[in-house]
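Chemist: For the sequence shown, the working numbering begins at 4 and goes up steadily by one.
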Amino acid sequence: MTLDLLALTSRYHEALNHYDEATVKAMFAPDAVYVSKGVNGRITGRDAILTAFTAYFHEHPDQYAEDEGVEILSPSVVRFAWRLEATARSTGKRITRRGVETVTYTEDGLISHVEVIDA
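1) For Leu8, does the count of other Cβ atoms within 10 angstroms reach 16, so buried, or fall short, so exposed?
2) On the DSSP bridge assignment, give the partners of Arg100 in chain order.
3) Here's the rule: buried if 16 or more other CB atoms are within 10 angstroms of the residue's CB, otherwise exposed. What is Leu76?
4) Could you confirm whether any beta carbon from chain C is found closer than 9 Å to the beta carbon of His61?
5) Ignore the nearest five residues each way along the sequence and tell me which others in Met1's own chain have a CB closer than 6 Å to its CB.
6) In whole angstroms, give me the CA-to-CA distance for Leu19 and Gly48.
7) Taking the continuous beta strand (DSSP E) assigned at Val3, which residues delimit it?
8) Compute the beta-carbon to beta-carbon distance between Trp85 and Asp70, rounded to the nearest angstrom, for a pair I have assumed lies under 8 Å.
9) For Leu53 and Phe83, I'd like the C-alpha separation in whole angstroms.
10) Mapping the DSSP letters down to three states, classify His61 as helix, strand or coil.
11) Who are the near neighbours of Ser93 in its chain, counting only those whose CB is closer than 7 Å to its CB and skipping five residues on each side?
12) If we call anything under 9 Å between Cβ atoms a contact, is Val80 one with Thr105?
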């Protein structure tokens, strides 16, 4: 099966931008790993990832991210340059982040690993 990495990742990012928890949950493999400063490090397991996402998007409800470039690294790995803006609910402080995100998919099209590196 050939994966459409651009379509899968676009759908994932859209679900994050409007934080649709059910859609995002269905995209992750049960044993997925997520690594990002935005969720305070490394998280293992779909349920733990969703718990961290829910907390993050509660604190940053207006987050909006845009992809600025894409590179397909292999039939199951895609890397995006990104930029996001959000407001912290607890402080009212506006944040801007930029970086690179690498997403690895299983052969069934589920996300198995995400690594987000801030620039």
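Note that the Cβ used here is the ideal one computed from N, Cα and C, for glycine as well. The structure displayed is predicted, hence computed values, not measured ones.
Modeler: Let's see:
1) Under this definition Leu8 is a buried residue.
2) Leu87
3) Leu76 should be labelled exposed.
4) Looking at the structure shown, chain C is missing, and only one protein chain is on hand.
5) The requested residue 1 does not occur in the structure, where the chain is confined to residues 4 to 122.
6) 18 Å
7) Outside the displayed range of the chain (4 to 122) lies residue 3, so it cannot be described from this structure.
8) Between the beta-carbon of Trp85 and that of Asp70 there is about 6 Å, and that keeps the pair under the 8 Å contact cut.
9) 21 Å
10) helix
11) Glu62
12) Yes, these two residues count as a Cβ contact at 9 Å.
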